[in-house]
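Peer 1: Got a structure here, written out as structure tokens. Questions coming.
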Amino acid sequence: MGLNAPDLAGDRNACEREPIHIPGAIQPHGVLLSIDPADWSIAQASANSADLLTMAPEDLCGRPLADLLGPDAVAELACRDLSPVFPHLHDAIPVAVATAPQRPLCCVAHRHDDRVILEFEDTAAGTAHASSEELHRKLSYGVGRIARSGDDVRDICETAVIEMHGLAGFDRTMVYRFDTDWHGEVVAEQTSGLPKRYLGHHFPASDIPAQARELYTRTLLRVIPDVDGPAIPLVPPLDPARGQPLDLSYASLRGVSPIHLQYLRNMDVRATMALSLLVGNRFWGMIVCHSATPRTVSAPLRGVCQELAEVVAARLFRRDAEHRATGFLQARNRADMLADALSESPDLVSGIERRAQMLLSWFDCTALLGRIHGKPVRCGTDATPPPALPTRRGADPVRLDDQWIAAADPVGVYITGAARADFVGAVHLPLSPDGGDYLVLGRRERVRTVVWAGVADGQDKHDLSPRASFEAWSEIVRGRSLPFDGVSHQMAVEIRRRLIDRLMLEERRSRALELERRVAERTRELAQARAEAERASNAKTRFLAAASHDLRQPLQAGVIFHSVLSRRNQDPRQAEVIEQLGRSLEVLQGLLEGMLDISRIDAGIVAPERQVFPVQSVLDQLQVEFAPAAARRDLKLRVKPSAVQVHSDRNLLYRILHNLVANAIQFTDHGRIVLGCRMGGAGGNGGTIRILVCDTGRGIPPDMTEAIFEEFMQLSNPARNRHLGLGLGLAVVERLSALLGHRIAVRSVPDRGSIFEVTIPRVKAEVMGGVGVRGPESGG
148 MGLNAPDLAG DRNACEREPI HIPGAIQPHG VLLSIDPADW SIAQASANSA
198 DLLTMAPEDL CGRPLADLLG PDAVAELACR DLSPVFPHLH DAIPVAVATA
248 PQRPLCCVAH RHDDRVILEF EDTAAGTAHA SSEELHRKLS YGVGRIARSG
298 DDVRDICETA VIEMHGLAGF DRTMVYRFDT DWHGEVVAEQ TSGLPKRYLG
348 HHFPASDIPA QARELYTRTL LRVIPDVDGP AIPLVPPLDP ARGQPLDLSY
398 ASLRGVSPIH LQYLRNMDVR ATMALSLLVG NRFWGMIVCH SATPRTVSAP
448 LRGVCQELAE VVAARLFRRD AEHRATGFLQ ARNRADMLAD ALSESPDLVS
498 GIERRAQMLL SWFDCTALLG RIHGKPVRCG TDATPPPALP TRRGADPVRL
548 DDQWIAAADP VGVYITGAAR ADFVGAVHLP LSPDGGDYLV LGRRERVRTV
598 VWAGVADGQD KHDLSPRASF EAWSEIVRGR SLPFDGVSHQ MAVEIRRRLI
648 DRLMLEERRS RALELERRVA ERTRELAQAR AEAERASNAK TRFLAAASHD
698 LRQPLQAGVI FHSVLSRRNQ DPRQAEVIEQ LGRSLEVLQG LLEGMLDISR
748 IDAGIVAPER QVFPVQSVLD QLQVEFAPAA ARRDLKLRVK PSAVQVHSDR
798 NLLYRILHNL VANAIQFTDH GRIVLGCRMG GAGGNGGTIR ILVCDTGRGI
848 PPDMTEAIFE EFMQLSNPAR NRHLGLGLGL AVVERLSALL GHRIAVRSVP
898 DRGSIFEVTI PRVKAEVMGG VGVRGPESGG
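Residues 148 to 927 (the working numbering) make up the sequence shown, in order.
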């Protein structure tokens, strides 16, 4: 909110609803025609048309414009750019009407609301200047002086009023500047022998209501030559073709609101000219000229004055741009300086506390409070930081307020008592989406005296008539700090970005430290587990050593006793029992050997002893060992001969093939078992040989070809009959193959049989019939 301006314009809402762009009348110093561009016929005319055009409006309406001005003038109008913008609105065309060719007129034309509007003025009327060259000479001097004016806004405005005052010739010239709430202040004033009555005075926003400000942004120059001149109506009042009033937003002759005319009379003003100052796209203010007597301003002079006002606006824009650029550069430099300073602190809270005075001096503040990671931050105030700062949506959550705003008070709702005085104005820096991290920098109250131009003394506030007094009176403004400017806002944005970057860095650092802690903790747990595993492995090794001796010795003694008993037995009735005892001892011996094999391999006790040997020696040994067992099951055991030399551990390879052949005999009910060799691996590598164990047995389901190598896995022993083993055979095969670096593969079709293959390195024999002396070939 802005200053608590008095309501000096009566019923403001009713005043702002006045349709000032369609007054239905014009000022009396000219004549206006509305032209239908479809056929260039006259649709409406002002009631005073006979004064300059010698024809009454009733005689003009409906007639072609060419009958009045001639076809050449109409052709020139049709070729012109009639856009309602500067400089076209002041580009007058000299014309003469057919009925009074001896009277020169000037015509200004523009197109708006699908009508061409022509405004006629007498070239002899108005202030006389030596020539257009004289006008442009004064303009050139004025432009140069404004361009060389100082960088302070008041210096620019003072130069502008001096140049405009000399150019336009009015009694009083002022620069009127708007604040954020559209209240105005006269920041420069120049007079001709009169006291500077309004310099430094403020005017309430109601003096120039919203619809008037909107018109001033479209029509940048407005002249009222005589406030007591009668309003001249348009004939007919409504456009005949459309049945609606003519929009005169861009017409210089547009009629004036009676309220505004009375407002000027109360100021002892009889003529006025107002020029809008648009700085960028912002309605910055106005240059206002007053005269105590009626004064007509010619179209050429209006155009020159408008050019000078454009130069003033451009100079103000350049000054603002330079000020913003310098301020924004300073804002970034200060934000970088703060970031560097905070980097020297271990955490953000301590860093802000150390640099609090620097922050406060940059924003011209006296108090700071906030919270970072739940920790309070405070400097220059006894206030307790609230748990969270209410946030607002949008791309720019930064706020800079020079007073508290009722229920929207973001910090004051938590602060009471004397501490509230530290935060009359504040810079709000939210640092987290939930408002839990934030900083607020506060300014104390700055009591000011504002001089208003007049007060409606005893006037009914609902009266639409304008105020009658413009005598200065003073208001003491309390409850506000000095306002913040755009540079402060940019600095707040930049500093907030640096603080958020630091918060994110601390968050990442905290996560990294937490991760390191968890990794260290897990490392300790893994070290403890490894130590326990090593202790268990050592215990297992000791068990294996004891088992190898303590378990095998009585088992071997039992085998010997069984052999002696079977030879000495003469009783046929005991022979079956002795035979059953022998089979049980064999099963027990197999179970023990399997468990000990698994344990020794897992404990790393088994170390391969590689050598070169003929693979046929292993195949022959297997045939001799398993031929009786195959015969007992009516199976054919066939071994294909091979002269290949291999490089491996003979005993461990034998154990692998022994388990594969034993499984093949056990799970084949009829048919045959074949052992053989094939050259080359699956990739066609000639440095390997594949030993195959093929059977015509029960086969293996496809989804179980990997599970069969797990410990205690038995597909054909759901009852867990220990006479059929523990299911450790293929587990031993898988571990021994991995230990030797030999690849194991299996292919199987249920009810048709299986093929197990072991791929091992092949070597070449250098001596015919001897044992090879070379190592494995490359690629094996």
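Just so it is clear, CB atoms sit at the ideal spot from N, CA and C, and this is done for glycine as well.
From the DSSP output, read off the bridge partner residues of S188.
Peer 2: DSSP output for S188 lists D183, P211 as bridge partner(s).
Peer 1: Excluding sequence positions up to five away, which residues of its chain have a Cβ less than 7 angstroms from the Cβ of A197?
Peer 2: A203, listed in sequence order.
Peer 1: The beta strand (DSSP E) that contains I838, what's its start and end?
Peer 2: Run containing I838: 835 to 842, per the beta strand (DSSP E) assignment.
Peer 1: In terms of alpha-carbon separation, which member of G827, I379, L252, L877 lies closest to L216?
Peer 2: Checking every option, the nearest Cα to that of L216 belongs to L252.
Peer 1: Does the segment 385 to 395 touch the segment 423 to 431, meaning 3 or more C-beta pairs lie closer than 8 angstroms?
Peer 2: At 8 angstroms Cβ cutoff, the stretches do not touch.
Peer 1: Would you please state the rounded distance, in angstroms, between the beta carbons of W431 and F325? I believe it to be under 8 angstroms.
Peer 2: Their Cβ separation, rounded to whole angstroms, is 7 angstroms, which keeps W431 and F325 in contact under 8 angstroms.
Peer 1: Going by DSSP, what residue range makes up the alpha helix (DSSP H) through E904?
Peer 2: That residue, E904, is in no alpha helix (DSSP H); its beta strand (DSSP E) goes 900 to 910.
Peer 1: Contact defined as beta carbons within less than 8 angstroms: I believe Y363 pairs with S423. What is the distance between those atoms, to the nearest angstrom?
Peer 2: 5 angstroms between Cβ atoms; contact.
Peer 1: Taking 8 angstroms as the cut-off, decide whether the C-beta atoms of R909 and T835 are in contact.
Peer 2: The answer is yes: Cβ separation under 8 angstroms.
Peer 1: Look at the Cβ atom of L986, then the Cβ atom of V451, and state whether they are nearer than 8 angstroms.
Peer 2: Coverage of the chain is limited to positions 148 through 927, which leaves residue 986 absent and any answer about it impossible.
Peer 1: Please tell me whether R471 and V634 are closer than 8 angstroms, where the distance is taken between their beta carbons.
Peer 2: In contact: R471 and V634 (Cβ atoms closer than 8 angstroms).
Peer 1: Find out if the Cβ-Cβ distance for the pair D183, A388 is shorter than 8 angstroms.
Peer 2: A contact, by the Cβ cut-off of 8 angstroms.
Peer 1: Can you tell me where the alpha helix (DSSP H) holding I293 begins and where it ends?
Peer 2: From DSSP, the alpha helix (DSSP H) with I293 extends over 279 to 294.
Peer 1: Identify whether F708 lies in helix, strand or coil by the three-state DSSP scheme.
Peer 2: DSSP places F708 in helix when its eight states are reduced to three.
Peer 1: What does a CB cutoff of less than 6 angstroms around V242 pick up in its chain, not counting 5 residues either side in sequence?
Peer 2: Around V242: L216, A220, L252, C254.
Peer 1: Which residues does DSSP pair with F350 in a beta bridge?
Peer 2: DSSP output for F350 lists G331 as bridge partner(s).
Peer 1: Quick check on R825: does DSSP put it in helix, strand or coil?
Peer 2: Of the three classes helix, strand and coil, the one that applies to R825 here is strand, per DSSP.
Peer 1: Just curious, the beta strand (DSSP E) that V571 is in, first and last residue?
Peer 2: Here V571 belongs to no beta strand (DSSP E), and DSSP marks it neither H nor E.
Peer 1: Taking buried to mean at least 16 other C-beta atoms within 10 Å of its own C-beta, is G589 buried or exposed?
Peer 2: Flag for G589 reads buried.
Peer 1: Given a threshold of 16 other Cβ atoms within 10 Å of its Cβ, counted over all protein chains shown, does A866 qualify as buried or as exposed?
Peer 2: No answer about A866 holds up, because its pLDDT of 38 lies below 50 and its placement is not dependable.
Peer 1: Per DSSP, S589 forms a beta bridge with which residues?
Peer 2: The question names Ser, yet the displayed sequence has Gly at residue 589. Answer by DSSP bridge pairing, in chain order: A514, A573.
Peer 1: Would you decide whether M414 is buried or exposed? Buried here means 16 or more other CB atoms lie within 10 Å of its CB.
Peer 2: Looking at its Cβ environment, which holds 16 or more other Cβ atoms inside 10 Å, M414 is buried.
Peer 1: Starting from the C-beta of H312, find all residues in its chain whose C-beta is less than 6 angstroms away, skip the five residues before and the five after it, and write them out in chain order.
Peer 2: If we look at H312 and ignore the five residues flanking it on each side, its Cβ neighbours are T320, Q337.
Peer 1: Let's see if you can read the secondary structure: which residues bound the beta strand (DSSP E) around R627?
Peer 2: No beta strand (DSSP E) contains R627, which DSSP labels as neither H nor E.
Peer 1: Any idea if I855 is buried or exposed, counting beta-carbon neighbours within 10 angstroms, 16 or more meaning buried?
Peer 2: Burial call: buried.
Peer 1: By a C-beta neighbour count over all protein chains shown, 10 Å radius and 16 as the cutoff for buried, is N810 buried or exposed?
Peer 2: With 16 or more other Cβ atoms within 10 Å, it is buried.
Peer 1: Leaving aside the five residues before and after G705 along the sequence, list all residues of the same chain whose C-beta is less than 7 angstroms from its C-beta, in chain order.
Peer 2: Taken in chain order, the residues that qualify are L732.
Peer 1: Give the DSSP-derived three-state secondary structure of Q727 in the structure shown.
Peer 2: Three-state result, Q727: helix.
Peer 1: If you compare alpha carbons, which of S445, P849, A568 is closest to D238?
Peer 2: Of the candidates S445, P849, A568, the one whose C-alpha sits nearest the C-alpha of D238 is S445.
Peer 1: Between which two residues does the alpha helix (DSSP H) harbouring I264 extend?
Peer 2: Counting along the chain, I264 falls outside any alpha helix (DSSP H), though it belongs to the beta strand (DSSP E) covering 262 to 269.
Peer 1: Just checking: is the beta-carbon of I855 within a distance shorter than 8 angstroms of some beta-carbon in chain D?
Peer 2: Absent from the structure: chain D. Only one protein chain is present.
Peer 1: Could you check whether E310 and I293 sit closer than 8 angstroms to each other, using their CB atoms as the reference points?
Peer 2: Yes, the pair counts as a contact, with Cβ atoms nearer than the cut-off.
Peer 1: Measuring only the C-alpha atoms, how far is D186 from L200?
Peer 2: When rounded, the distance between both Cα atoms is 20 angstroms.
Peer 1: In this structure, does DSSP put I167 in helix, strand or coil?
Peer 2: In the structure shown, I167 sits in coil (DSSP, three-state: anything other than H, G, I, E or B).
Peer 1: Report all residues from its chain with a CB closer than 7 angstroms to the CB of N195; omit the five preceding and five following residues, and keep chain order.
Peer 2: Here the set comprises P175, V178, I379.
Peer 1: First and last residue of the alpha helix (DSSP H) that includes F773?
Peer 2: Segment 762 to 779, the alpha helix (DSSP H) holding F773.
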